[in-house]
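Trainee: Sharing a structure with you now.
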Amino acid sequence: MEQRQTPIIKIENLSYRYDRERVLEDINLSIPQGAFLGIVGPNGSGKSTLLKLMLGLLRVKQGDIELFGTPQQKFRQWDRIGFVSQKANSFNTGFPATVQEVVASGLSKKAGLFRRVSYTYRKDIEEAIESVGMTPFAKRNIGELSGGQQQRVFIARALVSKPDMLILDEPTVGVDSKNVQHFYDMLDHLNKDLGITLLLVTHDIGSISNKVTHVACLNKHLHFHGRTEEFEQLREGEMSSFYGHDVHFLQHEHH
Numbered sequence: 020m021e022q023r024q025t026p027i028i029k030i031e032n033l034s035y036r037y038d039r040e041r042v043l044e045d046i047n048l049s050i051p052q053g054a055f056l057g058i059v060g061p062n063g064s065g066k067s068t069l070l071k072l073m074l075g076l077l078r079v080k081q082g083d084i085e086l087f088g089t090p091q092q093k094f095r096q097w098d099r100i101g102f103v104s105q106k107a108n109s110f111n112t113g114f115p116a117t118v119q120e121v122v123a124s125g126l127s128k129k130a131g132l133f134r135r136v137s138y139t140y141r142k143d144i145e146e147a148i149e150s151v152g153m154t155p156f157a158k159r160n161i162g163e164l165s166g167g168q169q170q171r172v173f174i175a176r177a178l179v180s181k182p183d184m185l186i187l188d189e190p191t192v193g194v195d196s197k198n199v200q201h202f203y204d205m206l207d208h209l210n211k212d213l214g215i216t217l218l219l220v221t222h223d224i225g226s227i228s229n230k231v232t233h234v235a236c237l238n239k240h241l242h243f244h245g246r247t248e249e250f251e252q253l254r255e256g257e258m259s260s261f262y263g264h265d266v267h268f269l270q271h272e273h274h
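Heads up: the sequence shown is residues 20 to 274, going by the numbering used here.
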């Protein structure tokens with residue numbers, strides 16, 4: 020059962036400040052294996068800082084983070100966690116690389132530069148591309164793809180090392196609105212069919228409620244953390260108190 024498993028990420032009493040500005044206050048959060056967690060919150064709420072602390076990009080000064088049961092300071096198996104940042108969509112699309120080559124670059128820590136991994140890791144590359152529905156575009160130049168297609172390629176690059184968990188920071192930025200639901204369907208496939216634990220940071224509260232298993236509402240404090248059904252029962256007034264301004268739920272159709 021879920022409570023018997025070691026959480027993939029466990030955060031206890033975590034606080035963080037930049038100089039005198041405190042951006043996170045006493046965060047306690049546990050992400051079980053197989054979960055699809057959506058983190059929502061307004062701009063400046065500390066979402067990106069929380070991700071950086073999880074990923075070891077910022078040093079934990081107050082509180083504790085465990086990754087796969089290991090204190091973060093001693094954790095070394097970083098290939099078990101894939102990360103797609105907001106900056107992925109600002110990739111230099113004029114760079115002369117195919118989808119296969121961009122995805123292969125995700126193996127650089129394991130196998131050197133991507134031009135050297137085409138044989139040994141070819142199957143892993145093909146499977147990663149297939150998992151995000153981009154097989155027909157495998158030999159296409161990255162610059163010829165739409166924003167949504169490029170973002171799928173960057174997710175495949177994060178998946179090629181076969182991580183247990185994938186963290187995505189605002190992945191639909193730059194994705195055409197009519198393709199956003201297809202994008203979330205793809206994430207749902209990664210979670211439910213491939214068993215990858217997902218953590219998604221997003222502003223789109225309505226869309227994530229279709230797919231995620233858990234929701235965390237962050238605004239310096241963790242105002243809510245629970246299953247999606249509990250989140251959907253929150254009143255708009257309660258959400259507005261988290262955000263500091265009026266919030267209206269936008270319901271999206273379930274496909």
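For each residue, glycine too, the CB sits at the ideal point set by N, CA and C.
1. Starting from the Cα of Gln92, find the closest Cα among Val234, Leu74 and Val103 and give me that residue.
2. If you reduce the DSSP assignment to three classes, tell me which class Ser228 lands in.
3. Are Asp195 and Gly225 touching if we call contact CB-CB under 8 Å?
4. Could you have a look at Leu41 and say whether DSSP puts it in helix, strand or coil?
5. Assuming Asn210 is part of the alpha helix (DSSP H), what are its boundary residues?
6. How long is the line joining the alpha carbons of Val231 and Asn160, rounded to whole angstroms?
7. Cβ of His172 within 8 Å of Cβ of Leu178?
8. What's the gap between the Cα of His242 and the Cα of Cys236?
9. Apart from the five residues on each side of it in sequence, which residues of its chain come closer than 7 Å, Cβ to Cβ, to Val6?
10. Suppose you measure from the CA of Lys80 to the CA of Lys71; what does that come to, to the nearest Å?
11. If contacts are defined as beta-carbon pairs under 8 Å, then Val234 and Thr216 qualify, I think. What distance do you get, rounded to the angstrom?
12. Quick one: give me the first and last residue of the alpha helix (DSSP H) that Gly125 is part of.
13. For the ligand GTP, any of its heavy atoms closer than 7 Å to the Cβ of Lys93?
14. Closest to Val151 by C-alpha separation, out of Met205, Thr25 and Leu76, would be which residue?
15. Taking the alpha carbon of Lys158 as the reference point, which residue from Gly245, Ile148 and Val118 has its own alpha carbon closest?
16. Could you tell me how far apart the beta carbons of Val220 and Ile58 are, in whole angstroms, since I believe they sit closer than 8 Å?
Mentor: To lay it out plainly:
1. Leu74
2. coil
3. no
4. The sequence shown places Arg at residue 41, not Leu. Strand.
5. Val199 to Lys211
6. 32 Å
7. Note on identity: in this sequence residue 172 is Val, with His being the wrong assignment. Cβ distance not < 8 Å, so Val172 and Leu178 don't count as in contact.
8. 6 Å
9. This structure gives no information on residue 6, because the portion of the chain shown stretches from 20 to 274.
10. 13 Å
11. Actually they are not in contact, since the Cβ atoms of Val234 and Thr216 sit about 15 Å apart, beyond 8 Å.
12. It is not in any alpha helix (DSSP H) - Gly125 carries neither H nor E in the DSSP assignment.
13. Among the components modelled here there is no ligand, and therefore nothing to report on the ligand GTP.
14. Met205
15. Val118
16. 5 Å
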